[in-house]
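Beneath this line is the structure, given in structure tokens, with notes to follow.
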Amino acid sequence: MIELVLAEACIACDKCIDVCPTSVFDRSESGVPEISRHSDCQTCFMCEAYCPTDALYVHPESTPLPDPRIIDRQHVGRYREKLGWGRGREPGARLAIGPELPKGQLPPRLSR
Ligand code: SF4
Ligand code: SF4
Numbered sequence: 005m006i007e008l009v010l011a012e013a014c015i016a017c018d019k020c021i022d023v024c025p026t027s028v029f030d031r032s033e034s035g036v037p038e039i040s041r042h043s044d045c046q047t048c049f050m051c052e053a054y055c056p057t058d059a060l061y062v063h064p065e066s067t068p069l070p071d072p073r074i075i076d077r078q079h080v081g082r083y084r085e086k087l088g089w090g091r092g093r094e095p096g097a098r099l100a101i102g103p104e105l106p107k108g109q110l111p112p113r114l115s116r
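Using this note's numbering, you'd call the opening residue of the sequence shown number 5 and step up by one each time.
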């Protein structure tokens with residue numbers, strides 16, 4: 005669930021507002037988005053992925069944290085970093101590790 009918007013890092017680009025599928029944010033007068041509908045968050049991480057300045061933190065739990073101030077700042081924007089989005093980052097797909105592919109004959113194709 006979205007937990008943090010770092011005002012000092014935000015450049016008021018509105019990308020998080022635009023990508024959020026459930027309209028969790030509202031524009032504020034300062035330009036820093038406000039979390040107005042916290043309970044509508046779907047924990048989809050899209051806002052964090054799109055934020056160009058790593059100003060957002062979505063916690064993997066789908067329920068609110070008792071106190072977002074306990075969040076270690078090094079986790080803010082980490083999802084985007086792991087995706088490899090952002091200038092100078094290694095694309096996450098190059099680093100992804102999956103199960104080893106089976107060797108030998110391919111299994112027979114299913115026929116109708
Ligand atoms: S995690 Fe998804 S649903 Fe929640 S605020 Fe971000 S974009 Fe919206
Ligand atoms: S995407 Fe990031 S920089 Fe842009 S408005 Fe949202 S929090 Fe601010």
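Note that the Cβ used here is the ideal one computed from N, Cα and C, for glycine as well. Nothing here was measured: the structure is a model prediction, and the numbers come from that model.
| Asked | Found |
| --- | --- |
| Contact test: I6 Cβ vs ligand 1 heavy atom, cutoff 7 Å | yes |
| Closest by C-alpha distance to H22, when choosing among R93, C55, Y83 | Note on residue identity: the sequence assigns Asp, not His, to residue 22. Here the closest residue by C-alpha is C55. |
| Whole-angstrom distance between I101 and D109, CA atom to CA atom | At residue 109 the sequence reads Gln, which differs from the Asp that was named. Going by the C-alpha atoms only, they are around 23 Å apart. |
| Check: P25 C-beta below 7 Å from any heavy atom of ligand 1 | yes |
| Minimum C-alpha distance to P25 - residue among I6, V36, L105, R82 | I6 |
| Same chain only: Cβ atoms within 7 Å of R84, ignoring 5 sequence neighbours per side | E52, A53, C55, D58, G90 |
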